[in-house]
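*Asks:*
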Amino acid sequence: PLQLWRHMSKVAARTPTGWEATEDKLVAAHASTELMRLHAAREDKLLASVGAAAGKPSRPYRRWMLRMLQDFTSGVRVTVPVDWFQAAAMLDLWLASCASGADDGFVRQIPTACAAVLRVLQKASDHIVGSRSDDWLIVVEEMVRSMRTWGLEVPPVSTHDIATQELSMLSGLQWQIDIPSAKSWLSMLAARFNVLTDGFLADSLDWVGTRAESLTTTSVLWKRADQHFRPKRLAVGAFSLCLVLARILPFERLRPQNVTHEDWEQLLFESQVTGTIPNCIMPEASAEHCLQALAIAADLPLEELQTDCEFTMSNLRGAMFEAR
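Everything in the sequence shown is counted per our numbering, starting at 4 for the first residue and increasing by one.
1) Can you list, in chain order, the residues of its chain whose CB lies under 6 Å from that of Ala194, leaving out five sequence neighbours each side?
2) If Leu257 and Gln295 are in contact, beta carbons under 8 Å, what's the gap, nearest whole angstrom?
3) Would you kindly work out how many angstroms separate the C-alpha atoms of Leu176 and Met285, rounded to a whole number?
4) Compute the beta-carbon to beta-carbon distance between Lys186 and Ala43, rounded to the nearest angstrom, for a pair I have assumed lies under 8 Å.
5) Among Arg214, Arg122, Ile182, Ser184, whose alpha-carbon lies nearest the alpha-carbon of Leu170?
6) Can the beta-carbon of Val223 be found less than 9 Å from the beta-carbon of Leu237?
7) Checking 9 Å against the spacing of the C-beta atoms, do Ser207 and Ile251 come in under that value?
8) Taking just the CA atoms, how far does Phe254 sit from Glu265?
9) With the cut-off set at 9 Å, would you say Leu189 and Ser161 are in Cβ contact?
10) Fully enclosed by the region 281-324, which beta strand (DSSP E) runs are 3 residues long or longer?
11) Please determine, among Met150, Arg45, Lys28, Ser100, the residue with the shortest C-alpha to C-alpha distance to Met68.
12) With Thr47 as the anchor, note down where its alpha helix (DSSP H) starts and where it stops.
13) Alpha carbon to alpha carbon, how far is Asp311 from Glu268? Give it in angstroms, no decimals.
14) One question on the structure: do Glu156 and Val110 come within less than 9 Å of each other, judged by their Cβ atoms?
15) Which of the three DSSP states is assigned to Ala90 in this structure?
16) May I have the straight-line CA-CA distance separating Ala57 from Phe232, to the nearest angstrom?
17) Would you mind stating whether Leu244 and Ile180 have Cβ atoms separated by less than 9 Å?
18) Just to confirm the assignment, what range does the alpha helix (DSSP H) spanning Gly154 have?
19) Would you mind giving the Cβ-Cβ distance between Ile182 and Met93, rounded to the nearest angstrom? I have them listed as a contact below 8 Å.
20) If you measure from the beta carbon of Leu308 to each beta carbon in chain D, is any gap under 9 Å?
21) Using DSSP with H/G/I as helix, E/B as strand and the rest coil, what is His163?
22) Quick check for students: name the residue ranges of the alpha helix (DSSP H) that lie wholly in the region 188-239, counting only runs of 4 or more.
23) Would DSSP call Arg256 helix, strand or coil?
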């Protein structure tokens, strides 16, 4: 803590020239302020037409689709080199673009829709340039078998069905496939915070990133993204809370002014982020410098950081209550 206090004191005392050098480091880390604002503008544009009302299919079906995508991207079934958070973001935008209708009529599209998301992202990734249609039939057939065990009537799927669904999905998304996700925001926040603290907390940030990803997974599974339920808000809130869990920031400093101390602690416990209030091990000045670095990393004023923390815990609480 004493070493960090001395180090962060030097960071806080940087001259304009020193901050220019810091921005150069952010550029080198692919986490410049300009890039972050472009990322935010892309998120705003994509979510602008998404309503807050739950789209088709209903929450249980959507959650089931995300679980299937999670299995395929994590290697539980057939391994597909695609990030699950990006797949979830694309699926949500596509679902929002679908016309409303009964779930029963949508069930037939679930296997091909999941396969289409994976195919589009795999083609756009650096890992692989396309794949054979037969490979995707294996993925879809696995989904169909799983659905039938749940008593759902799903017809056989052909390679033509997959290709048709892929084209329909791209058209519904207006060919926008570079979609900001909670994980892309977490990666950018971690890179920026690491640069702004000169790598002094790099070891702790590895744990913070992993824990924050776990929290955002719960939130993404619970609710579809829209103009209010933004991936950036989830990421900022989760990353900030995990800095508290790592005892880098004091929990009280993230409390919005309109929330009482008692309600703030109760929200933390009900969200099941932790069962106890972590004690910050940093000297007050060091913790304050880290909080300033977090605000710069998120490109937000302190008040919005606090609001995003409350937002994230409230959503986690909602997910936990619904799970009961």
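Backbone N, C-alpha and C fix where the C-beta goes; we use that ideal spot for every residue, glycine too. Keep in mind it's a predicted model, so treat the numbers as computed, not measured.
*Replies:* Per the coordinate set shown:
1) The count along the sequence shown starts at 1 and reaches residue 194 at position 191. Ala32, Ala34.
2) Indexing the sequence shown from 1 puts residue 257 at position 254. Indexing the sequence shown from 1 puts residue 295 at position 292. Going by Cβ atoms, the distance from Leu257 to Gln295 rounds to 13 Å, so no, they are not a contact pair.
3) Taking the sequence shown and counting its residues from 1, the one referred to as residue 176 is at position 173. Taking the sequence shown and counting its residues from 1, the one referred to as residue 285 is at position 282. Using only the alpha carbons, I get a separation of about 46 Å.
4) Along the sequence shown, one-based indexing puts residue 186 at 183. Along the sequence shown, one-based indexing puts residue 43 at 40. Contact doesn't hold; Cβ gap of about 15 Å is too wide.
5) Reading the sequence shown from its first residue, position 167 is the one you call residue 170. Leu170 has its Cα closest to that of Arg122, out of Arg214, Arg122, Ile182, Ser184.
6) Reading the sequence shown from its first residue, position 220 is the one you call residue 223. Reading the sequence shown from its first residue, position 234 is the one you call residue 237. Taking a C-beta distance under 9 Å as the contact criterion, Val223 and Leu237 qualify as a contact pair.
7) Looking up residue 207 in the sequence shown gives position 204. Looking up residue 251 in the sequence shown gives position 248. Taking 9 Å as the Cβ cut-off, Ser207 and Ile251 qualify as a contacting pair.
8) Your numbering for residue 265 matches position 262 in the sequence shown. Your numbering for residue 254 matches position 251 in the sequence shown. Taking the straight line joining both Cα atoms gives about 12 Å.
9) On the sequence shown, residue 189 is found 186 positions in, with the first residue counted as 1. On the sequence shown, residue 161 is found 158 positions in, with the first residue counted as 1. The answer is no: Cβ separation not under 9 Å.
10) Runs found: none.
11) Residue numbering aside, residue 68 sits at position 65 when the sequence shown is read from its first letter. Between Met68 and the set Met150, Arg45, Lys28, Ser100, the nearest pair of CA atoms involves Met150.
12) Indexing the sequence shown from 1 puts residue 47 at position 44. Just to set this straight, residue 47 is Asp in the shown sequence, not Thr. It spans 36-50 - the alpha helix (DSSP H) in which Asp47 sits, taken as one unbroken run.
13) Your numbering for residue 268 matches position 265 in the sequence shown. Your numbering for residue 311 matches position 308 in the sequence shown. Approximately 16 Å between the Cα atoms of the pair.
14) Translated into positions along the sequence shown, residue 156 becomes position 153. Translated into positions along the sequence shown, residue 110 becomes position 107. At the C-beta level, Glu156 and Val110 come within 9 Å of one another.
15) The count along the sequence shown starts at 1 and reaches residue 90 at position 87. Helix, per DSSP.
16) Position 54 of the sequence shown holds residue 57. Position 229 of the sequence shown holds residue 232. The predicted model places Ala57 with a pLDDT of 44, which falls under 50 and marks its position as unreliable; any figure quoted below should be read in that light. Answer to the nearest angstrom: the Cα atoms are 12 Å apart.
17) As a first step, residue 244 is located in the sequence shown; it is residue number 241 there, counting from the start. As a first step, residue 180 is located in the sequence shown; it is residue number 177 there, counting from the start. The answer is no: Cβ separation not under 9 Å.
18) Residue numbering aside, residue 154 sits at position 151 when the sequence shown is read from its first letter. Under the DSSP assignment, Gly154 falls outside any alpha helix (DSSP H); it carries neither an H nor an E label.
19) Taking the sequence shown and counting its residues from 1, the one referred to as residue 182 is at position 179. Taking the sequence shown and counting its residues from 1, the one referred to as residue 93 is at position 90. Here Ile182 really is in contact with Met93; their C-beta atoms are around 5 Å apart, less than 8 Å.
20) Included in the structure is just one protein chain, with no chain D present.
21) Indexing the sequence shown from 1 puts residue 163 at position 160. Three-state DSSP puts His163 in a helix.
22) Listed in chain order, they are 205-225.
23) As a position in the sequence shown, residue 256 is number 253, starting the count at 1. Correct three-state label for Arg256: helix.
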